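Number of protein chains: 10
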Amino acid sequence: MTTTPSKVLETFPNPQPGRDYTIRMTLPEFTCLCPKTGQPDFATFIIEYVPSALCVELKSLKLYMWAFREQGAFHEAVTNEILNDIIAAINPNFMRIRAEFNVRGGVYTTVIVEHKNPDWQVPQLVNLP
Amino acid sequence: MTTTPSKVLETFPNPQPGRDYTIRMTLPEFTCLCPKTGQPDFATFIIEYVPSALCVELKSLKLYMWAFREQGAFHEAVTNEILNDIIAAINPNFMRIRAEFNVRGGVYTTVIVEHKNPDWQVPQLVNLP
Amino acid sequence: MTTTPSKVLETFPNPQPGRDYTIRMTLPEFTCLCPKTGQPDFATFIIEYVPSALCVELKSLKLYMWAFREQGAFHEAVTNEILNDIIAAINPNFMRIRAEFNVRGGVYTTVIVEHKNPDWQVPQLVNLP
Amino acid sequence: MTTTPSKVLETFPNPQPGRDYTIRMTLPEFTCLCPKTGQPDFATFIIEYVPSALCVELKSLKLYMWAFREQGAFHEAVTNEILNDIIAAINPNFMRIRAEFNVRGGVYTTVIVEHKNPDWQVPQLVNLP
Amino acid sequence: MTTTPSKVLETFPNPQPGRDYTIRMTLPEFTCLCPKTGQPDFATFIIEYVPSALCVELKSLKLYMWAFREQGAFHEAVTNEILNDIIAAINPNFMRIRAEFNVRGGVYTTVIVEHKNPDWQVPQLVNLP
Amino acid sequence: MTTTPSKVLETFPNPQPGRDYTIRMTLPEFTCLCPKTGQPDFATFIIEYVPSALCVELKSLKLYMWAFREQGAFHEAVTNEILNDIIAAINPNFMRIRAEFNVRGGVYTTVIVEHKNPDWQVPQLVNLP
Amino acid sequence: MTTTPSKVLETFPNPQPGRDYTIRMTLPEFTCLCPKTGQPDFATFIIEYVPSALCVELKSLKLYMWAFREQGAFHEAVTNEILNDIIAAINPNFMRIRAEFNVRGGVYTTVIVEHKNPDWQVPQLVNLP
Amino acid sequence: MTTTPSKVLETFPNPQPGRDYTIRMTLPEFTCLCPKTGQPDFATFIIEYVPSALCVELKSLKLYMWAFREQGAFHEAVTNEILNDIIAAINPNFMRIRAEFNVRGGVYTTVIVEHKNPDWQVPQLVNLP
Amino acid sequence: MTTTPSKVLETFPNPQPGRDYTIRMTLPEFTCLCPKTGQPDFATFIIEYVPSALCVELKSLKLYMWAFREQGAFHEAVTNEILNDIIAAINPNFMRIRAEFNVRGGVYTTVIVEHKNPDWQVPQLVNLP
Amino acid sequence: MTTTPSKVLETFPNPQPGRDYTIRMTLPEFTCLCPKTGQPDFATFIIEYVPSALCVELKSLKLYMWAFREQGAFHEAVTNEILNDIIAAINPNFMRIRAEFNVRGGVYTTVIVEHKNPDWQVPQLVNLP
Ligand SMILES: [Ca+2]
Ligand SMILES: [Ca+2]
Ligand SMILES: [Ca+2]
Ligand SMILES: [Ca+2]
Ligand SMILES: [Ca+2]
Ligand SMILES: [Ca+2]
Ligand SMILES: [Ca+2]
Ligand SMILES: [Ca+2]
Ligand SMILES: [Ca+2]
Ligand SMILES: [Ca+2]
Ligand SMILES: [Ca+2]
Ligand SMILES: [Ca+2]
Ligand SMILES: [Ca+2]
Ligand SMILES: [Ca+2]
Ligand SMILES: [Ca+2]
Ligand SMILES: [Ca+2]
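Protein chains in written order, with this note's numbering: chain G, 1065 to 1193; chain P, 1065 to 1193; chain R, 1065 to 1193; chain F, 1065 to 1193; chain W, 1065 to 1193; chain D, 1065 to 1193; chain Y, 1065 to 1193; chain V, 1065 to 1193; chain L, 1065 to 1193; chain U, 1065 to 1193.
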């Protein structure tokens, strides 16, 4: 595995494939460039998913996010692009990505995108009091 | 695009039109005038929506909010007016506006208004534990 | 409108009568007297409602709450009484009152009461992620 | 009413018997003894209920909790016992007790128990945005 | 009962077997070794369950968690392993384990796993306002 | 001792007169009337002092604060008046009163007053790291 | 007293002129215009002072701050200008103004200015433990 | 060492007697009885000291605090008594005890007492920025 | 003024040169590269100073910080380098820079550096209670 | 440099030796064994220092802390031992170590130790308002 930015996402087999469970990762160090002004943008990404056969490897995900450092990217588009890329790599039962961008012009923007495998049955959430 | 207050809302095409996703913006710098006393009022607006064909352009939204600076406006009426204007501009699948006004007379007031496109099917919310 | 305590609640027409929306007010300065000991009690009231034809006027609500300053009142009874009075004045589609009383005898007490117009259809809550 | 510890719970008539509403009390000063070691245990109790014909009197509840001060009590058992006693006294439509015990051996334990009157229809919760 | 690390989980009879209730424990002192690098990992475990005939003994659970101190363990696998072990010991009606691992490489990871006894009917959650 | 409002402050002998130590009380339930408008004002008082021969009795202090409930009082004047009254009652080595008034007209006001007995030597504060 | 913006600061006599004490006001609703771009700026002002013969009247201070609403003003200059104006009005023994401006360009700026009457002796601060 | 309440404080030799350093303990589980009413009082004790030849043994300190469980004790007196007892046991260079009692009658009370060995030179506190 | 990264710091004249006052800026979007691994590092910089004849221009400071985006830099060295550069540009009476780097290897690191003009007399800080 | 636990502390030259500045590191992942019971203890260490000729290398410090994982250590003794070891490695002008141990027996313990080079002049701390 390299330690340079890379759009390649590495994976590993889900260690408990017969169980629906949640993996949630918070990556507070995303930065890209504003396509209009060329200036840096910053965001925190919260990525949560229910794995199917594969999990995304943590260090590879970090290098993937790093690969946006020199790339121009609109808020709405880049969040969808990252979702599309991870789906292509691990085809999870469910994934939600929440991108909280730093304030610009006095406005705080968050973009939240989701993917649900159409064959996957959403389990009943047990809410304990 | 001007840098003066303007009630015109500019838009751009939704970059991922085939997916229901959420855009949430917090604008903590809204100010208008009290129609009874003429004194300034202040509020934080949280605007969240699921786009249809169009998104509202961020800087244009900021100039739109700025245009209320010299306008007399009751809390309940101005929150509904802003919702009506953004619906007219982008016709989203869903929009909620939450206006948190600063304390007046020892009372804290919040107004929350919503619009749902009648043709839009509310997606099942997946609650991960 | 007077600036003395008054149990009269003034109203104004709902500016957007065709839309279900929420008005939420927090009044942290409620005080009455304990009917057993005569000593002052203090509470924060959170009043939230979906208006029908009328809204309750903010300053008049404040004077109404002030009118309890010299009145003996049990926690459970006074919260219900205030709900009954505001329903009589504006007949909202829905109202919830939450009274958080200050600690007494090492115990923190909150009373929450609700009214729902039987003709009103509770709208589906859209939960954005 | 005495000011000594007492397992007797006094009651008063529900002032608004025709309405389902919530009474919530937080008692941060519960202490009993560990039945294994004899050492003091401490907990915060949150007791919330929807009254039927009777309410539990606040000062009497405090003296009731005080009565556990010299009593050995396991976490799971004592929380169930307190629920059973209050049900016997006021037969509420619904009651939930949440006992948050202080850390022991680096572990934080909470026990939550509930009672629902089988004849009582759980009202639809109105979630305002 | 020993005071050395042990994978044996001791149990005791549920003191209120006819009632569905929740026991929630937070264990902030879990540590194991990274199987790739051999370096220590740290996590906080939140374990919540609805007991059936048996409860897990608190001190024995602590010794069980301690037994991972010298063991190499991947985040996703060890959380599932602990769930499997406790199920084998007490066969609860429901159990959820939430493992919040310390930041590694700028990424915060949480794994949440659940088990529901197929014969157990999830009780309706009463949401008081 | 009465349980009605009273400007009389009762005292008791300092139990450790040969030691400079601090007694700090927070009273979050002060209310008086605005002398201009007659409307209620609310404040939290923090009273801290180093006793000399006498301490102020807690319940009596509470009744003293209660006695302002019907009194018109400017923020700056009432804070000084309360300091003057407690000095007259217990002549402490040092006393500081901090009155945090509730927001009025969008402005939050705090008044802090002090008294130091001119014969009292301020002890060196030991700042532990 | 008018209820329109005004640069005139009204005063009243210090009610306890023989005592050094502190009056602290927080005004979270300051807004002016950026002299470069014409766009609105927002700030919270914390004004604290030890009065000499005069105090600044609260409502008049609020109208004074309002008078900057249409004025172009650099951060560093306007904070100094407000200090100069209040000094001219009440000549306090000491005044500190802290202006916390809203984020611009990803940078949070605060300006703090002070005035000390050269004839005033700074009292020894008593630090209670 | 017993596991029953005991006023005997055990000690151990300071492991680094040639260095002034701080040991700070927070004990949130103190309870005694009100000498007037017989009802339980609760407090959190923060004990910090610079040891001389001896340190106070942690478990013994806990049993010592437990010994007040059945004892009537005024706030100001019991805080001074505990300081006196620990001084007698370990004669520290410096000790400060801060007792934060639970709210009674709407008033929050804290008592802070200190002891400084007259032969001990208070070290200069290095304040790093 | 450009909108590209630049190590040139622009300045403007201090608008109130006869007064010692504080300008404090928080820049949460600093990023550079680790000289050992080439991977991105992130930090928040808090820069506070007492200006002499010149102030540093805000937008130019932001572009200056941006210029480290592609630069390898050790924590201790880069914080000192930034201080040296700003001193060379504006020669302030006093400047303190606090760089809070993101966690690496489970360790949180902060570096704080200062410069004081030797001819500048540190003003007495007035501590209001 | 190894990636196994090691009591050897590596160093690097201070990059700005002519300036007194602060390096502060927080290490929340310290664990050792209780010498009495053999059970694991946990603590957060905050290490802050003013370097002289040498700085302590971050990764080496982490491996050093790791080396206590299998070692029995009393709270007061281990904190002093770590200070002694780092002084021996880098001889800083000043160092303070603050060890916040996890709760044991309901008691929270913190130990703070310091070292000051006798030849080092503590710089005047500039307190900006
Ligand atoms: Ca961010
Ligand atoms: Ca958000
Ligand atoms: Ca606001
Ligand atoms: Ca309250
Ligand atoms: Ca509550
Ligand atoms: Ca507790
Ligand atoms: Ca809990
Ligand atoms: Ca952790
Ligand atoms: Ca989490
Ligand atoms: Ca208040
Ligand atoms: Ca304040
Ligand atoms: Ca602000
Ligand atoms: Ca307490
Ligand atoms: Ca950061
Ligand atoms: Ca820090
Ligand atoms: Ca800890």
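Virtual Cβ for every residue (Gly too), placed ideally from N, Cα, C. Since we're looking at a predicted model, the values are computed, not measured.
Using three-state DSSP, classify residue i as helix, strand or coil.
i                 : result
GLU1074 (chain R) : coil
VAL1120 (chain W) : strand
THR1143 (chain G) : helix
LYS1100 (chain U) : coil
LEU1091 (chain L) : strand
ALA1153 (chain U) : helix
TYR1085 (chain F) : coil
LEU1189 (chain F) : coil
Could you tell me whether any Cβ in chain F is nearer than 9 Å to the Cβ of residue i?
i                 : result
LYS1123 (chain W) : yes
CYS1093 (chain W) : Reading off the sequence shown, one finds Glu at residue 1093 (chain W), where the question assumed Cys. Yes, GLU1093 (chain W) counts as interfacial toward chain F.
Taking 9 Å as the CB-CB cut-off, is residue i touching chain W?
i                 : result
ARG1088 (chain U) : no
LYS1126 (chain G) : yes
Please confirm if residue i has its CB atom under 9 Å from at least one CB of chain D.
i                 : result
GLN1080 (chain Y) : yes
Could you compute how far the alpha carbon of residue i sits from the alpha carbon of residue j?
i                 : j                 : result
CYS1098 (chain Y) : ASN1191 (chain L) : 32 Å
MET1065 (chain D) : CYS1096 (chain R) : For MET1065 (chain D), the predicted structure reports a pLDDT of 49, less than 50, and the residue's modelled location is therefore unreliable. The matter cannot be settled from this model.
TYR1128 (chain P) : ASN1078 (chain P) : 20 Å
PHE1109 (chain Y) : THR1143 (chain Y) : 9 Å
LEU1122 (chain D) : GLU1140 (chain D) : 24 Å
GLY1169 (chain D) : GLN1188 (chain W) : 47 Å
ILE1111 (chain L) : ASP1105 (chain W) : 35 Å
ALA1152 (chain U) : THR1101 (chain W) : 29 Å
SER1124 (chain G) : GLU1134 (chain W) : 27 Å
ASP1084 (chain D) : GLU1093 (chain F) : 31 Å
ASN1157 (chain G) : SER1116 (chain U) : 56 Å
VAL1186 (chain D) : LYS1180 (chain D) : 9 Å
ILE1161 (chain F) : LEU1073 (chain W) : 28 Å
For residue i, return the contacting residues in chain W, with the cut-off set at a CB-CB distance below 9 Å.
i                 : result
ASN1144 (chain F) : PRO1079, GLN1080, ARG1083, TYR1085
Can you find a CB in chain P that lies within less than 9 Å of the CB of residue i?
i                 : result
PHE1025 (chain D) : Residue numbering for chain D in the displayed model covers 1065 to 1193; residue 1025 (chain D) lies beyond these limits and cannot be assessed.
What residues of chain Y sit near residue i, judged by a beta carbon separation below 7 Å?
i                 : result
LYS1100 (chain L) : By Cβ distance, chain Y contributes nothing, its closest Cβ being about 28 Å from LYS1100 (chain L), past 7 Å.
For a contact meaning CB atoms closer than 8 Å, what does residue i contact in chain F?
i                 : result
THR1067 (chain V) : THR1101, GLY1102, GLN1103
Is any beta-carbon of chain Y found at less than 9 Å from that of residue i?
i                 : result
PHE1106 (chain P) : yes
VAL1072 (chain D) : no
TRP1184 (chain P) : no
Starting from the beta carbon of residue i, find every residue of chain F whose beta carbon is closer than 9 Å, and list them in chain order.
i                 : result
CYS1119 (chain W) : GLU1140
Please list, in chain order, the chain U residues whose beta carbon lies closer than 9 Å to that of residue i.
i                 : result
LEU1192 (chain V) : THR1086, ARG1088, GLU1112, TYR1113, VAL1114, PHE1158, ARG1160, LEU1189
Please check if any C-beta of chain L sits within less than 9 Å of the C-beta of residue i.
i                 : result
LYS1180 (chain U) : no
Would you say residue i faces chain V, with C-beta separation under 9 Å as the test?
i                 : result
ILE1176 (chain U) : yes
Original post:
If contact means a Cβ-Cβ distance below 8 Å, which residues of the segment 1161-1173 of chain U contact chain V?
Top reply: Listed by position along the chain: ARG1168, GLY1169, GLY1170, VAL1171, TYR1172, THR1173.
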